[in-house]
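Data first, discussion second: the structure below is written as C-alpha cells.
2 protein chains.
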Amino acid sequence: MVPGAVDVTAVAAEGHRYRGAATMGAPHCRITQLMAQDTYILGGYQTDFSRNWLKEGKQLWDIFAEVVNGALEATGIAAEDVQVGHVGNFAGELYAMQGHLGAFLVGTNPAFAGLPTARHEAACASGSVAVLAATAELEAGRYDLALVLGIEQMKTVDSARGGDFLGTAGWYEREAKGITYPFPKLFGRLGDEYDRRFGLKDEHLSRISAINFANARKNPLAQTRAWQNDEAKFATQIAGRIKVSDCSQVTDGAVCVLLASTRYAEKYAKGRGVALDRIPRILGWGHRTATLGFDDKIRESEGDPYVLPHTRQAILDAFARAGIADVWGVDAIETHDCFTTSEYMAIDHFGLTPPGQSWQAIEEGVIELDGTLPINPSGGLIGAGHPVGGTGVRQLLDAYRQVTETAGEYQVVGATKVATLNIGGSGTTSCSFVVGN
Amino acid sequence: MVPGAVDVTAVAAEGHRYRGAATMGAPHCRITQLMAQDTYILGGYQTDFSRNWLKEGKQLWDIFAEVVNGALEATGIAAEDVQVGHVGNFAGELYAMQGHLGAFLVGTNPAFAGLPTARHEAACASGSVAVLAATAELEAGRYDLALVLGIEQMKTVDSARGGDFLGTAGWYEREAKGITYPFPKLFGRLGDEYDRRFGLKDEHLSRISAINFANARKNPLAQTRAWQNDEAKFATQIAGRIKVSDCSQVTDGAVCVLLASTRYAEKYAKGRGVALDRIPRILGWGHRTATLGFDDKIRESEGDPYVLPHTRQAILDAFARAGIADVWGVDAIETHDCFTTSEYMAIDHFGLTPPGQSWQAIEEGVIELDGTLPINPSGGLIGAGHPVGGTGVRQLLDAYRQVTETAGEYQVVGATKVATLNIGGSGTTSCSFVVGN
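In C-alpha cells form, the structure reads like this:
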C-alpha cells in the first residue's frame, strides 16, 4: 500500500459482495490502493455549447486555439509550463474528416512545439479516458502539468447521418447499420428493461428532463439555456418510449482543463498565495468496460441487482479510491444523461436508492438543485449539451466549479465533493471521478 | 529523482545542445528522470500481415478474439490475470464504420467482463500511444498486467478512397482534401527537402526499399514475403519521387502484447522458472509532437541540423531514459518506413550518420540484416506491412523477438537492445522505445 493510503477494504467490500462483481471475480475488480499520487485540477475553459461552429465559419483548429488559450488565461498558467497534451474525441474522422487531433494542440501556441500529445476514444466516454490517460502520466511522474481537451463538432451533418455516426459507439454492424436513430432505440430499451424488472413510469423520466432543462437555464454556457418550451416538439416520439425531451443535444463543444502533480500544484498555490488544500483534487476514479452489445449486457446482468453492474462497479471503484463510504459522501453529481433513462439508471447505480427504486429520489426532490443530492446542476447532457468527446471533461470542469464555489447560479451550496459518471455506448465504457478538496 | 534512477544529464546533454531543442526551450524538453517503474514485455501475437480479412469473411471482432487468445497462449497467461486493455487504432470509423474499439476486447473472453479499456490514436503512431497509455498506468501502479492491441483493417476500400482516409492523419482540409494520394506527395516532399538541404540520390531510396523487401522474405508473417518481383509495377510513379517500391503496404493486421509491472513479472518469471532479468523491459521511451502541417514543420526546422527536430528529440528522449549514450548502444532498429524517405530520415535522426548523410550508412551496408546496425530486420512497413494502428505494437513485438532471440530467420545475431521509431502523420507524432534486458 502506498504511503498515505488508508485501508479501503471496508469501503470496497460492498463492491465485492454484490453478485455482479463476485461473478466476475477477476483481479481487476479489486481496488488494492488509493490514488498513487494526487492529481490537482487547476481550472479550465469551456465553449458556449449553444454555438454552431460551421455557421460561424470556424474550423476545429480555431476552437482548439480558443479553448487552450482560454484555459491558460483562466488559470494564469504560462504555456511553457504545459508538459503533455491529451485530447478526448469520439469521431472527428466522421463529423469533420479529421483524425490525429492531438496534433492540433501543438499549433495553438509556439511554446507547444514538441509537446507530447495523443487522442483517446471510448465513444461518449472519450473525455474521461483522456483524463485517465493524463492522470496516469502524472501519477507515474512522467510530467507535472497536463492539458486535457475534450472536443466534438457535431453540427456538420443532418440528424439522420449524425445518428448513424453515433451508431459506431455501439456495435455498428449488429445494432446500428440501417437503423434510424440507433441510440434512442437502445436507451429506450434500457427503460423497457427497468420497466420489466422493477416497473417504470414515464412521468419520472419527464421529471428528469424537466430538472435538467431547468438547471440549464442557470448555466450561462448551456446549449438550451434560452430555449422556449416547445411542448409539441418535446413530445415528439423518437424511438420506443424516448421522446425529444428525453434526449441529450447535438452539440458543438469543447472543454479544456489543466491537471497537475502535487509538485506543480504546490508551486502554483504558492505563486497565487493560496493554500494547497484549497485546490481541488481528483480524489478517486473508476473505469470499467462491459461487453459492447446491449442485449449481451442485459442478458449478463439477469438476476443481478443492477441492470448495468459494470457501471455500478466503476462508481464503487471511484468511491473506494476516494475513501468515501457511499454516495452520501458527495454533495452533488454530474452524470451521463444521454437519455432520461440513463440518468434514471444512474440514480440507483450511484446508490441514491435501492436498485430499481430511482423514482423515489425523483419524487422526493432529492436530485433537484436545492435537494439533498443534486444531479446535474449544470443541466447535464440534456440541458447543457453533449459534445460527445467533450462531455467527460465538461463534467470534471463542472465538478471543479462546484467545489471551488464558482458555479454561479447553478452552484450547489456548500459543495465540497462532487462525483461524475460518463458513459460510452449503451452502458459499455463507464468512467467515474470524485473531485474535492 | 526517483530511487534507482541515475543521473542522465550527460546523456541528455546532446539533446539540449542541439539547436532545435534549445530554440524550443520548453520544460517538456527536459528528461528529469529515468523510468519511474520498469515495464516488462511478456510476449505477444501477430496476425499474418498478408491476409485479407474481408475476403476471409472475418470482421474486426473475429480478429480481436484471434490476437487476444493468441497472445494469452503465447505467454501462457490466464485471461483472469489481465487487468486493463488498451487498443491502438487509427481510423476504424472510416475503414470499418466502427468506433469504441476498446470495448471489443471485453467480448473476447468471459474473464474480461468489466475490464477497463480505451482506444488511443495518433494516426500511424496509434499503436505506440496505446503502449504509452498502458505503461503509464503500470508505472503509476494502477494495474500490474496490461494488454495492448494494435489493429487496422484497411482492405475494405479501394486505394483512392484509402488514400483519402489516410489524409486525415495530416491536416485534411489543407493537405489532403481533393488530393489524390496525399501522403506519398508529402513524403515525396520530405525527400525533396533532403535533396535541397543535403542532396539526395534516388538510388539510396531504392536500396532502402530493396533491403526491406529482402528482410521481409525471412519473416513468416510479412505481407510481401512471397511476392514476385514486378519491376514494372514497382517502378510506377505515385507522386513526385515516390514510386510504388518506395511505399509501405495497405495491410489488414493486428498485434497484441502483454505488458507487466515488476511485481507481476517477478511472479511470472518465477512460475516459469526463468530469471527476471531474462524478461525484456521497455528501457526507455520518447514521445514528441510537431505541428500538424508539413510545410509548417519544414519552415520551423529551417537552419536546424535536423529536418524533423522533434522526431530527433523523441529518439534522444528514449535513449536518455534508457541510459544509453547514442544509437551504437542498440543492436538493431525497427523504424517507421511508411516511405523510403522516412527511413532515409530515420537513419540520420537516429544518429547513424551526421545529418543529411544517411546515404553513407546505406552504401556501407550498416543497415543490412548482417550489418553493424540492422534497420527493419522484420522488413518494416514496406516489407512486413503497415496496418496503421498496429504498426507501433508490431515494432515493439519485433523488438521483443529480437532481444529474446526468437526472430527466426530475421534474427539479428546477439541483439540485446533494440530501438523503435513510430511516426504519425508527416513526421507529426513521433514515438520511440528502447527494448532490452
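Chains A and B, in that order, are what the protein sequence lines are. Position 6 of the first sequence, counting from 1, maps to 6 under this note's numbering, and the rest follow consecutively. Just add 437 to wherever you are in the second sequence, counting from 1, and you've got this note's numbering. Beta carbons: idealized from backbone N, C-alpha and C, even for Gly.
Review point. For A:HIS287, which residues does DSSP report across the bridge?
Key: A:CYS431
Point to revise | Neighbour list for A:VAL129 in chain B, Cβ cutoff strictly below 7 Å | key: ALA555
Review point. Quick one: any contact between the stretch 42–57 of chain A and the stretch 252–266 of chain A, if contact means 3 or more CB pairs under 8 Å?
Key: yes
Point to revise | C-alpha gap between B:ALA663 and B:TYR532, whole angstroms | key: 26 Å
Review point. Whose Cβ in chain A lies nearer than 7 Å to the Cβ of B:ALA606?
Key: GLY99, HIS100
Check your understanding: For A:ALA322, which residues from the same chain have a beta carbon less than 6 Å from its beta carbon, with the 5 sequence-adjacent residues on both sides left out?
Key -> LEU283, GLY284, VAL434
**Study point:** A:PHE213 in three-state terms, based on DSSP
**Key:** helix
Review point. Applying a beta-carbon distance threshold of less than 8 Å, which residues of chain A neighbour B:HIS747?
Key: ALA113, GLY114
Review point. Is any beta-carbon of chain B found at less than 9 Å from that of A:HIS349?
Key: no
Exercise for review: Might you give, ordered along the chain, the residues of its own chain that have their beta carbon closer than 6 Å to the beta carbon of A:LEU421, omitting 5 neighbours on each side?
Suggested key: THR335, HIS336, ALA346, SER432
Check your understanding: Under the DSSP definition of a beta bridge, which residues are partnered with B:ASN526?
Key -> Its beta-bridge partners do not exist; DSSP assigns none.
Review point. Based on the DSSP secondary-structure assignment, which residues constitute the bridge partners of A:ARG281?
Key: A:TYR40, A:GLY436
Practice item. Provide the residue(s) that pair with B:GLN590 in DSSP beta bridges, ordered along the chain. Key: DSSP, once it has assigned bridges, lists no residue as partnering B:GLN590.
Exercise for review: Could you tell me whether the Cβ of B:GLU576 comes closer than 9 Å to any Cβ of chain A?
Suggested key: yes
Exercise for review: At 8 Å on the CB atoms, spell out the chain B contacts of A:HIS204, in chain order.
Suggested key: Correct list: empty, because the minimum Cβ distance to chain B is about 28 Å.
Point to revise | Close-in-space but distant-in-sequence residues of the same chain around B:ALA447 (CB under 6 Å, 5 per side omitted) | key: Low per-residue confidence applies at B:ALA447: pLDDT is 34, beneath 50, and the placement is therefore not dependable, though the value from the model is reported in the following sentence. Nothing listed; no residue qualifies.
Check your understanding: A:SER248 and A:LEU381: beta carbons closer than 9 Å?
Key -> yes
Exercise for review: Kindly indicate which residue of B:ASN874, B:GLN848, B:ALA856 has the alpha-carbon position closest to the one of B:ASN656.
Suggested key: B:GLN848
Exercise for review: Measure the alpha-carbon distance for B:ASN526 versus B:GLY587 and round it to whole angstroms.
Suggested key: 6 Å
Practice item. Check B:ALA459 in the structure and name its three-state DSSP category. Key: Model confidence at B:ALA459 stands at a pLDDT of 29, short of 50, so the residue's coordinates are unreliable; what they give is reported in the following sentence. B:ALA459 falls in the helix class under three-state DSSP.
Check your understanding: Cα separation between B:ASP632 and A:GLY389?
Key -> 42 Å
**Study point:** Touch test, the stretch 792–806 of chain B against the stretch 633–640 of chain B, Cβ-Cβ under 8 Å, three pairs minimum
**Key:** yes
Check your understanding: Where does A:VAL413 land, buried or exposed, given buried means 16+ other C-beta within 10 angstroms?
Key -> exposed
Practice item. Compile a chain-ordered list of the residues in the stretch 384–397 of chain A whose CB is closer than 7 Å to at least one CB of chain B. Key: none
Point to revise | Same chain only: Cβ atoms within 8 Å of B:GLU517, ignoring 5 sequence neighbours per side | key: ALA548
Check your understanding: Looking only at DSSP bridge pairs, what is A:GLU121 linked to?
Key -> B:ARG556
Practice item. For chain A, find out if any of its Cβ atoms is closer than 9 Å to the Cβ of B:ASP733; answer yes or no. Key: yes
Exercise for review: State yes or no: is the beta carbon of A:HIS287 nearer than 9 Å to at least one beta carbon in chain B?
Suggested key: yes
Point to revise | First and last residue of the uninterrupted beta strand (DSSP E) at B:ILE675 | key: 674–676
Review point. Does A:ALA136 come within less than 9 Å of chain B when only Cβ atoms are used?
Key: yes
Check your understanding: From the DSSP output, which residues share a beta bridge with A:TYR45?
Key -> A:CYS256
Review point. Can the beta-carbon of B:GLY564 be found closer than 9 Å to that of B:LEU542?
Key: no
Practice item. Quick one: grab the DSSP three-state call for A:LYS58. Key: coil
Review point. CA-CA distance, B:GLU737 and A:ALA103?
Key: 15 Å
Check your understanding: Going by Cα to Cα distance, which pick from A:GLY99, A:GLU363, A:TYR181 is closest to A:ILE211?
Key -> A:GLU363
Check your understanding: Buried or exposed: A:GLY57, going by 16 or more other Cβ atoms within 10 Å of its Cβ?
Key -> exposed
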